[in-house]
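First the structure, in the form of structure tokens, and then the observations on it.
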Amino acid sequence: DNQKKQKEAVQQWIRTVGQIEKATTKEQIVRPLILWQQAVATTFGITSSVPTWQVIGRAEVPFLAKEGVTATAECYRTVEDALYGKETGVKIGEWCSQSLELARQIKFQKPNAFEALRPKNLFPWVSWVCFVLMFEATSSWGEGAPNNKESETKSAINPIGAYRSGSFEEASQAFQKEVKERPGNPISRNNLALTYFQMGDKERALAYGLSAYLISPETSTVGWNTRIFAQATDQLDSSVLGLWDDWGSAWLTSRFGVFGWQAILVLGSALCALGLGLGLAAGYFESWRKLYLRIGAGVLLLGIITGLTAGSALGVYGKLVDRSAVMIVDVEPLRSIPTEVEPQAEKAYPPGSIAHLEKSFLGWSKIRLPNQDSGWIRTEHLVPLY
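As structure tokens, this is what we get:
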């Protein structure tokens, strides 16, 4: 079913409206509103990370009338204004009723019955049946069922379950453990950012969301959530703003993470070297000269384009490319070491500032700011971006 993803998005659309109706506080309504926006964008087949209401209004979908698309765009605009603190003048109950009515107006075409009989559709089912039969045949070789108490303990500390039940403190502790065990996993960092955002710690939410975006921006919801965290933060470093400063920057940074662009830069350099090597080889092999020159010129051109694209992307990141980059997440002064010439000095930098971590010692970290100011700060007030 080619429309399966959109059908699932419509169901999420309806579920999130129900969550919005049941919400009693501002904190409980923010996350469902964001999920509702994602559901609408997926239903309309829009792939951009954070589409605006104008993009929603221009969408052409065969399963909803133009009037319905326009009404959906207005509902989307109301959500945008509400998330960014603007006064909408729209009652939640009226908005929920209108949104549900729009979801019910969506009518998908029935899939062709013969599509299910194609080999590409039959193969997953056949593989699944074979896997189940093999599993049942070998299940009796195991050591028995797991201990019920152990399974209950695991489910009790399940961070996803704790998050859904509203136990954000427990969820954050579990996600912190996951981040320490797998620091390169963007999903764990994104989940930890969501828990901090729900607890009102916007700076830590931005730090962990940004780190997930730098590692893997193409991971589901990472780009969307990071933009939300950035817009909700009081202070924002200019390097973070530069990631989405214009359409070109946003497109480049959303394709690959920092490590991906660095690998592409190395690939571009290798292609340039190969192209030059083929050009030199053309001077030694007369019979293959034209072929070597043509292939070498093509490879060299491809390497230059690849290298320039990767270099442009890394230039957008700026100081965020630094593997030792950290973000200050609390209002805490930077302390210098007193000497015979100068006493100890303290200077505070706003949360959200990006710095370079030089070294850590006994719970303290020495950092250096872009303006070359350096000093010591407690490690718990920093979040490493990698």
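In the numbering used here, the protein residues as written are 975 to 1360.
Where is the CB? At the ideal position from N, CA and C, for every residue including glycine.
These numbers were taken from a predicted model, which means no experiment stands behind them.
If you compare the alpha carbons of Gly1031, Ala983, Lys1081, Phe1335 with that of threonine 1016, the shortest gap goes to Ala983.
For the pair of segments examined, the region 1174-1188 was found to touch the region 1207-1227: the number of CB pairs separated by less than 8 Å reaches three.
Annotation: the continuous alpha helix (DSSP H) that includes glutamate 1001 extends over 1000-1017. Valine 1305 and isoleucine 994 have their C-alpha atoms roughly 34 Å apart.
It is roughly 40 Å from the alpha-carbon of serine 1348 to the alpha-carbon of proline 1025. Each of Glu1155, Pro1307, Gln1205 was checked against the Cα of aspartate 1219, and the nearest Cα belongs to Gln1205.
Proximity of the region 1223-1235 to the region 1181-1197 meets the contact definition, three or more beta-carbon pairs being nearer than 8 Å. In the DSSP annotation of this structure, phenylalanine 1233 is not part of any beta strand (DSSP E); the continuous alpha helix (DSSP H) holding it starts and ends at 1232-1256. A straight line joining the alpha-carbon of glycine 1063 with that of lysine 996 spans about 20 Å.
Beta-bridge partners assigned by DSSP to proline 1358: Val1300. Less than 8 Å divides the Cβ of cysteine 1070 from the Cβ of valine 991. Per DSSP, glutamate 1075 is one residue of the alpha helix (DSSP H) stretching across 1066-1079. Pairing valine 1014 with tyrosine 1058 gives a Cβ-Cβ distance that is not under 8 Å. The criterion of a C-beta distance shorter than 8 Å is satisfied by isoleucine 1328 and leucine 1294. Annotation: serine 1073 to alanine 1148 spans about 35 Å, alpha carbon to alpha carbon. Cα atoms of glycine 1292 and leucine 1252: separation of roughly 34 Å, rounded to the nearest angstrom. Scanning Ala1284, Pro1036, Val1035, Ala1047 for the CA closest to the CA of serine 1223 turns up Ala1284. Non-local C-beta neighbours of proline 1006 in its own chain, meaning closer than 6 Å and more than five positions away in sequence, comprise Thr990, Gln993, Ile994, ordered along the chain. Distances from the alpha-carbon of lysine 1333 to those of Ala1322, Tyr1323, Val1300 put Val1300 closest.
The straight-line gap separating the alpha-carbon atoms of lysine 1000 and glycine 1140 is approximately 14 Å. Between serine 1339 and the set Ile1302, Gln1346, Tyr1360, Asn1345, the nearest pair of CA atoms involves Ile1302. At least 8 Å separates the beta-carbon of leucine 1239 from that of valine 1273. Taking the C-beta atoms as reference points, tryptophan 1010 is found no nearer than 8 Å to valine 1043. For the options Ile1189, Gln1150, Phe1259, Pro1133, the alpha carbon positioned closest to that of aspartate 1296 is the one of Ile1189. Phenylalanine 1018 is positioned such that its CB atom lies closer than 8 Å to that of alanine 1033.
A Cβ-Cβ separation of about 27 Å leaves alanine 1237 out of contact with phenylalanine 1203 under the 8 Å criterion. Within a 10 Å sphere around the beta-carbon of tryptophan 1027 sit 16 or more other beta-carbons, which makes this residue buried.
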